[in-house]
Amino acid sequence: MTENKLKLEIESLKKELKSVKRLNNELLNLQEEQDSLGFSWSGNLGHWFWDFQVNRVTFNPMKAMALGFEKEELPEYVDFQFFTNRLHPEDYERVMDAMRDHLSNKIPVWEVRYRIKTKSGEYRTYYDRGKVTKRTADGAPLFLSGIVFDITEYEEERRRLLEENKEWAIQAKKDSMTGLYNRTNILFELGKLVNEAQVGADKFLSIILLDIDNLSHQNSLFGPLFGDEIIRRASQIIEDHISEENYAGSFEGGKFVILLPGTKKNEAHQIADEIRQKVNRADYSEPAEVTSSSGVAQCISAETVSQLFNRADRMLYRVKTSGKNQVQS
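Quick note on our numbering: the sequence shown kicks off at 62 and runs consecutively.
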């Protein structure tokens, strides 16, 4: 063996010895903390240790087993990239930015939640927390330790609850009979849309007030349950006829508010008339002629919510007093 090669071997052994010594010191410190109950992050997938200088990660085998690897499948020395290369592409930069910020001492702790690919190609969600426990005299990282948790089931439950809460929030805004927005929330949406229309000079907003004609007379002839049937049928026709960007709500018995953002008055008039015709031609359980009347108005500059609503209501009143079964704008 040449002298230079011998020197390289000696240097390599020295580094190896220092690495083992750093790991042993960290394990001793960890044991002391756990024995004194001063370390709260115990259990789950266990602790990890990263010798930064030689890029070697020591970890609880449960972490690899949770990813679908057997202990025998792991390389003799696992580096940091073994795990980072398995990060979800959408999480990679965020995780690496957090690690870089901690290594450069910009943040005190490395704490991230990320998705990591298993051997089978699926993803699990981990929560990882660690910190540099030893630095050089000039602040460069030497050794890091931390703990990792598999929170996949927790994240799935959290997403499920968020979806349920979202659905509950939507349902709370709806009228129980019609499935459309209730009076409070359709007026709330109207207020938002009027404000948006006033801010943007190029934004249009039209409103339709639709009322079932002679509903009380239908109730007296065929009973209140038939009146409910008419209301539900009209609600379905309205919902089927408007787009996802539009809003419809039940204002009071047999009267509906339809909000059409981005729609001018002439187009809103056409939509209202198409709904009127469909309500009239729909099938009902009783031999009744069901008609509706609508008033249409387009929001104008500096107009308040009440002013817009009242203009549409005046259009509706004109229809009601001039024969019904029409649209006025």
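We put the CB at the ideal spot given by N, CA and C, even for glycine. Everything numeric in this text was worked out from a predicted model, so none of it was measured.
Report yes if the C-beta distance between D140 and N166 is below 8 angstroms; otherwise report no.
At the C-beta level, D140 and N166 stay beyond 8 angstroms of one another.
Residue environment, W229, which counts as buried when at least 16 other CB atoms sit within 10 Å
exposed
Can you find the residues in the same chain that come closer than 7 angstroms, C-beta to C-beta, to H330, ignoring five residues on each side of it along the sequence?
Correct list, in chain order: V357, V388, S390.
Apart from the five residues just before and just after G323, which ones in its own chain have a Cβ nearer than 6 angstroms to its Cβ?
F265
Give me, in chain order, the residues of the same chain whose beta-carbon lies closer than 7 angstroms to that of M391; leave out the 5 immediate sequence neighbours on both sides.
Beyond the ends of the chain as shown, which are 62 and 390, falls residue 391; an answer cannot be given.
D158 - containing alpha helix (DSSP H), residue span
Following the DSSP letters along the chain, one finds D158 inside the alpha helix (DSSP H) bounded by residues 150 to 164.
Can you tell me the Cα-Cα spacing of S396 and A295, whole angstroms?
No information on residue 396 is available, as it lies outside the stretch 62 to 390 that the chain covers here.
Give a yes or no on contact between the segment 308 to 316 and the segment 269 to 288, applying the rule of three or more CB pairs nearer than 8 angstroms.
yes
In or out: S362 buried (at least 16 other Cβ within 10 Å) or exposed?
Residue environment: S362 is assigned as exposed (fewer than 16 neighbouring CB atoms within 10 Å of its CB, all protein chains considered).
Cα-Cα separation, A12 to Q142
Residue 12 falls outside the range modelled here, since the chain spans only 62 to 390, and no answer is possible.
So what's Y215 in DSSP terms, helix, strand or just coil?
Residue state, collapsed to three classes: helix.
Looking at A349: is its Cβ nearer than 8 angstroms to the Cβ of Q297?
no
Any idea if L222 is buried or exposed, counting beta-carbon neighbours within 10 angstroms, 16 or more meaning buried?
When all chains shown are included, L222 counts as exposed.
My understanding is that V209 touches K124, with C-beta atoms under 8 angstroms, so please give their C-beta distance in whole angstroms.
Going by Cβ atoms, the distance from V209 to K124 rounds to 6 angstroms, so yes, they are a contact pair.
Assuming T194 is part of the beta strand (DSSP E), what are its boundary residues?
It spans 184 to 196 - the beta strand (DSSP E) in which T194 sits, taken as one unbroken run.
Beta-bridge partners of G288, as assigned by DSSP
Answer by DSSP bridge pairing: none, since G288 is not bridged.
Selected residue, minimal CA-CA separation from Y215, among G200, G240, S237, R185
R185
Using a threshold of 8 angstroms, state whether the C-beta atoms of A309 and Y378 are closer than that.
Their beta carbons are not under 8 angstroms apart, which means A309 does not touch Y378 by this criterion.
Pick helix, strand or coil for A358, following the three-state DSSP scheme.
The answer is strand: DSSP assigns A358 an E or B state.
Is the beta carbon of L369 closer than 8 angstroms to that of I268?
yes
Of the choices K385, R190, R147, M157, whose alpha-carbon is the least far from that of S181?
Cα-wise, what sits closest to S181 is R147.
D301 classed as buried or exposed, judged by whether at least 16 other C-beta atoms fall within 10 angstroms
exposed
In the DSSP output, which residue or residues are listed as bridge partners for F370?
None, per the DSSP bridge assignment.
When DSSP builds the beta bridges, which residues end up paired with Q389?
G356
Three-state class that DSSP yields for L276 in the structure shown
helix
Does F204 come out as helix, strand or coil in the three-state DSSP assignment?
strand
Please state whether the Cβ-Cβ distance between I212 and Y187 is less than 8 angstroms.
yes
Would you report the Cα separation of M376 and S346, rounded to the nearest angstrom?
31 angstroms
Cutting at 7 angstroms between CB atoms, please list the residues of its own chain near N371, excluding the five before and the five after it.
none
To the nearest whole angstrom, what separates the beta carbons of I177 and M238, a pair I think is in contact under 8 angstroms?
Incorrect: roughly 48 angstroms between the Cβ atoms, too far for contact.
Distance CB(W111)-CB(L248) smaller than 8 angstroms:
no
Check whether the Cβ atoms of L321 and N307 sit closer than 8 angstroms, and answer yes or no.
yes
As a quick exercise: from R190, R342, L128, pick the residue whose alpha carbon is nearest that of E183.
L128
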